[in-house]
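Peer 1: In this note's numbering, the protein residues as written are 1 to 222. Glycine is no exception: its CB is placed at the ideal position from the N, C-alpha and C atoms.
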Ligand code: AP5
Ligand code: MG
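Listed below in structure tokens is the structure:
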């Protein structure tokens with residue numbers, strides 16, 4: 001099954017995608033993670049992307065689209081994939097349609113996560129991520145703290161704050177871009193009849209596990 005994770009920053013796209021990926025074996029393809037890995041490794045792509053990401057702006061399509069197209073050529077995507085952070089604009093969605101058409105594939109499900117804005121901002125400010133790019137586990141100082149402060153439960157590496165999470169200016173910029181450029185994509189995919197909207201609030205869900213479990217049960221039942 002080919003899935004897109006949709007939702008504003010901090011709604012839990014990475015968290016829910018990670019759970020579904022672990023249970024199904026479909027790779028989680030997070031454009032943000034690929035950029036961060038390249039920044040860490042100081043590649044040319046990473047250096048170009050960093051200037052945009054640090055400010056909370058979108059990385060230009062001429063960098064992002066071929067990067068995703070190449071990733072979708074890899075064998076582990078044959079049975080399914082979970083796109084996390086792509087597409088973010090109507091143009092990117094149209095380009096994705098072209099890429100998939102060539103492969104005789106289509107998007108089967110768009111998981112649209114919604115969370116009250118005040119809650120997402122708090123979550124972003126208290127998020128910590130594993131510095132080991134092969135692990136990338138995500139924690140939350142309030143909702144999901146690590147067992148030992150500052151250390152990843154899974155691999156023992158140090159936990160860090162993402163650069164774009166420490167500046168309130170960058171967070172606001174990301175949310176502004178989401179409202180203007182990414183939110184319209186929900187209608188784009190609604191017309192194709194593939195959107196599944198889920199409220200992911202602390203009030204009704206614990207760390208997205210309930211949402212991911214419901215989705216997995218439905219996928220298995222199909
Ligand atoms: P990206 O890495 O995709 O970041 P983002 O869109 O800002 O989304 P986040 O990762 O912040 O949110 P999330 O929904 O994954 O939340 P998470 O699961 O971590 O992109 C970074 C940058 O790269 C962009 O700004 C842009 O510059 C560039 N970029 C990427 N893709 C691009 C594209 N297609 N085109 C152009 N540029 C692109 O959860 C958040 C926190 O909440 C965590 O602490 C988590 O533990 C906690 N949490 C999760 N679920 C719950 C819950 N149910 N209850 C309580 N807490 C929860
Ligand atoms: Mg994420």
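From 123, 112, 5, pick the residue whose C-alpha is nearest to that of residue 196; which is it?
Peer 2: Nearest C-alpha to residue 196: 112.
Peer 1: Confirm, please, whether the CB-CB distance from residue 10 to residue 123 is below 8 Å.
Peer 2: Against a cut-off of 8 Å, the Cβ pair of residue 10 and residue 123 comes out as a contact.
Peer 1: Under 8 Å by Cβ, that's how I've got residue 128 and residue 160 pegged, so tell me the actual separation to the nearest angstrom.
Peer 2: Correct: roughly 7 Å between the Cβ atoms.
Peer 1: Would the C-beta of residue 32 count as close to ligand 2, meaning under 7 Å from any of its heavy atoms?
Peer 2: Yes, since a heavy atom of ligand 2 falls inside the 7 Å radius drawn around the Cβ of residue 32.
Peer 1: Can you pull the DSSP bridge partners for residue 28?
Peer 2: DSSP output for residue 28 lists 82 as bridge partner(s).
Peer 1: What do you get for residue 51, buried or exposed, if any count of 16 or more other CB atoms within 10 angstroms of its CB means buried?
Peer 2: Label assigned to residue 51: exposed.
Peer 1: With 16 as the cutoff for other CB atoms within 10 Å, does residue 43 come out buried or exposed?
Peer 2: With fewer than 16 Cβ atoms within 10 Å of its Cβ, residue 43 is classed as exposed.
Peer 1: Evaluate contact between the stretch 178-197 and the stretch 61-68, counting only Cβ atoms and requiring at least three cross-stretch pairs below 8 Å.
Peer 2: No, the stretch 178-197 is not in contact with the stretch 61-68.
Peer 1: Touching or not, the stretch 131-138 and the stretch 85-98, by the rule of three or more beta carbon pairs under 8 Å?
Peer 2: Judged by Cβ distances under 8 Å, the stretch 131-138 makes no contact with the stretch 85-98, as fewer than three pairs qualify.
Peer 1: State the DSSP-derived secondary structure class of residue 208, mapped to helix, strand or coil.
Peer 2: Three-state result, residue 208: coil.
Peer 1: Would residue 24 and residue 80 qualify as a contact pair, given that the criterion is a beta-carbon distance under 8 Å?
Peer 2: Yes, the Cβ-Cβ distance between residue 24 and residue 80 is below 8 Å.
Peer 1: Taking the alpha carbon of residue 118 as the reference point, which residue from 212, 103, 70, 168 has its own alpha carbon closest?
Peer 2: Closest by alpha carbon: 168.
Peer 1: Looking at C-alpha atoms only, which residue of 189, 133, 142, 171 is the closest neighbour of residue 87?
Peer 2: With distances taken between Cα atoms, residue 87 lies closest to 189.
Peer 1: What number of angstroms, rounded off, separates the C-alpha of residue 102 from the C-alpha of residue 94?
Peer 2: Computed Cα separation, rounded: 13 Å.
Peer 1: Confirm the yes/no value for this check: CB of residue 6, any heavy atom of ligand 1, distance under 7 Å.
Peer 2: Not under cutoff, so the answer is no.
Peer 1: Start and end of the alpha helix (DSSP H) containing residue 100?
Peer 2: Taken as a continuous stretch (DSSP letters only), the alpha helix (DSSP H) holding residue 100 covers 90-102.
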